[in-house]
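Read top to bottom, the protein sequences are chains W and X.
Residues in the first sequence are numbered consecutively from 81, following the working numbering.
Residues in the second sequence are numbered consecutively from 81, following the working numbering.
Scroll down for the structure; my scribbles are underneath it.
Protein chains: 2
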Amino acid sequence: MTNFSTRPLYIQVRDALAERIALGEWKPNTTVPNEMDLARGFGVSPGTTRKALDLLESEGIVTRRQGRGTFVNDPAAPELASRYSHFHSAAGERVIGEIKTLEVTEAKASEDERERLRLARDEKVYRLARIRSHRGKAFLMEDVVLPVALFPELPERNLASSGLTVVASAYGLALGKAVESVSPGTASLAAAKALHVEEGAAVLVLDRVILTRDGRPAEWRVAVCKTNDMRYKVQSA
Amino acid sequence: MTNFSTRPLYIQVRDALAERIALGEWKPNTTVPNEMDLARGFGVSPGTTRKALDLLESEGIVTRRQGRGTFVNDPAAPELASRYSHFHSAAGERVIGEIKTLEVTEAKASEDERERLRLARDEKVYRLARIRSHRGKAFLMEDVVLPVALFPELPERNLASSGLTVVASAYGLALGKAVESVSPGTASLAAAKALHVEEGAAVLVLDRVILTRDGRPAEWRVAVCKTNDMRYKVQSA
DNA sequence: AAGTGGTCTAGACCACTCA
DNA sequence: GAGTGGTCTAGACCACTTG
């Protein structure tokens, strides 16, 4: 790989490797070729290949293990499903919850939806109404909005009750950052029924947008939840 | 620096540099010696020194600038003050708020305090009652607990109204991770008065412990806040 | 014993900053 | 133009894993 462009060589190697992983040349949980072979293949020095692989590891795309090899991470792995969830059980583990989808509709995006998901006029969205439970107890009611352009035929592919990490993986999309806004609220009649609390009980209202790795909004969710058996925890590094 | 221990050389170099920075050998906003000089000084290769410096940069201890040098970061810098704050103004910037301290007391730690701050029996704490405001509007009421052992003579040093980043810096302590638990609540009479909301209004209750870089609990805070002009936002990478 | 990634070395050249 | 960090090379040896 001769350095035609102005971008650092190790970045170019990283991108080439990331693309080949995304295209499925190396499957999740298998190894990529070793450093020497990759270096020869790309025509760069082993040090440059190493730097590219270290970058990929820091991005969570591969895992390197001394004496074993460099493994491709599975983007649909269960431990990544709770990546955007801040709920923790009393025991302290992250909880994603079992998803039950009540309703799926397809419609033209409303003004709010167009703004939050940065959609053009007339673009369509899927709207999902869901309940999340932990150990059989409902704790969260959510309204999820997904752009049809990113996830065509989502209901037909039976993905309406899957978490976004699984859905994105099915469509070959890499997820990136998310921002969630938290505010206090009181349970509406519908929320009270779904979550088994009294109407007007104190609840958390969560408003979250998840972006793809390249910055396109992939999901807007507004959720209402109780925190009786659950903790909403935020970690700062 | 001959490698006597089993730890990687670049980690030893990193630790030596971190210690000399902590001891004040190089002051904040000044540069440390260049890579070649450090390498010669430690008796290691430039590549090893570089790896140590890159590590320090990833930890936020220094900032490297091509053509300029490697600068020591100021742990009391204002942009770090909001490190543990998740409040954002309507305009989108992180907000730390102006602190007004209502009361400072010193006492033996209660059972709760001993547990949260991992203190031994009979250890003492400072308890601070505070209000935080943004643009003159109170938005948060907090009860802060600090171990006297970590911050002796805090009130005498006029640090009771400073944020923990400034306090820690004054005591030469490096701060590390923090965990905040968020739950919905209703305003007590006292909270209602302080925050100018009606009694029983929906508020957020924040329960946070901040650790030092070496894992000792440095602050336990329980806060009640309104989110009328403020957003509590959580970012996931 | 063979193969992998992790550490370490000792250079070269480039891009950027500033006097 | 001198000095800095950033990139890149081409090796050596070590620690760990597996057959």
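Each residue gets a CB set at the ideal place from its N, CA and C atoms; glycine is no exception.
The structure presented is a predicted model; accordingly, all values stated were derived computationally and were not measured.
Alpha carbon to alpha carbon, how far is residue j from residue i? Give it in angstroms, no decimals.
i, j, result
"His168/X", "Cys305/W", "22 Å"
"Glu260/X", "Ala189/X", "21 Å"
"Gly140/X", "Val175/X", "20 Å"
"Trp106/X", "Asp294/X", "21 Å"
"Val124/W", "Leu97/W", "13 Å"
"Phe151/W", "Glu178/W", "29 Å"
"Pro113/X", "Ala161/X", "28 Å"
"Ile101/X", "Thr266/W", "50 Å"
"Ser316/X", "Arg198/W", "19 Å"
"Asn153/X", "Glu137/X", "9 Å"
"Phe122/W", "Ala200/W", "41 Å"
"Ser268/X", "Lys180/X", "20 Å"
"Arg145/W", "Glu173/W", "25 Å"
"Pro88/W", "Lys217/X", "49 Å"
"Gly104/X", "Asn308/W", "48 Å"
"Pro235/W", "Arg212/W", "18 Å"
"Val116/X", "Asn238/X", "Residue identity check: residue 116/X is Met in the sequence provided, not Val. Whole-angstrom Cα-Cα distance: 43 Å."
"Ser249/W", "Thr143/W", "18 Å"
"Glu279/W", "Ala270/W", "8 Å"
"Ala171/X", "Thr128/X", "44 Å"
"Ala187/X", "Leu253/W", "55 Å"
"Val247/X", "Glu99/X", "19 Å"
"Gly243/X", "Tyr312/X", "18 Å"
Can the beta-carbon of residue i be found closer than 8 Å to that of residue j?
i, j, result
"Tyr206/W", "Val184/W", "yes"
"Ser263/X", "Val285/X", "yes"
"Glu299/X", "Val224/X", "yes"
"Ala240/X", "Leu208/X", "yes"
"Arg194/W", "Pro297/W", "no"
"Phe219/W", "Tyr251/W", "no"
"Ala119/W", "Pro126/W", "yes"
"Glu191/W", "Pro227/W", "no"
"His166/X", "Val314/X", "yes"
"Gly147/X", "Thr111/X", "no"
Using DSSP bridges, identify the partner residues of residue i.
i, result
"Val224/X", "Leu208/X, Arg301/X"
"Glu183/X", "Ala209/X"
"Pro155/W", "Paired residues: none, contrary to the question."
"Glu260/W", "Arg288/W, Val314/X"
"Thr266/X", "Ala282/X"
"Val142/X", "Val152/X"
"Val112/X", "Thr150/X"
"Arg130/W", "Note: Arg130/W sits in no beta bridge, so no partner."
"Arg174/X", "His168/X"
"Ala218/W", "Ser213/W"
"Lys188/W", "Lys204/W"
"Leu255/W", "Thr292/W"
Throw me the rounded Cβ distance for the residue i and residue j pair, which I believe falls under 8 Å.
i, j, result
"Ala156/W", "Thr245/W", "6 Å"
"Ala282/X", "Ala272/X", "The Cβ separation is near 12 Å, so there is no contact."
"Arg215/X", "Leu182/X", "Actually they are not in contact, since the Cβ atoms of Arg215/X and Leu182/X sit about 20 Å apart, beyond 8 Å."
"Met310/W", "Ala274/W", "Not really, about 15 Å apart at Cβ, beyond 8 Å."
Is it a yes or a no for the region 281 to 290 of chain X touching the region 247 to 262 of chain X, going by three-plus beta-carbon pairs under 8 Å? In this structure the region 281 to 290 of chain X touches the region 247 to 262 of chain X; the number of beta carbon pairs closer than 8 Å is three or more.
At least three beta-carbon pairs within less than 8 Å, the region 90 to 104 of chain X to the region 118 to 133 of chain X: yes
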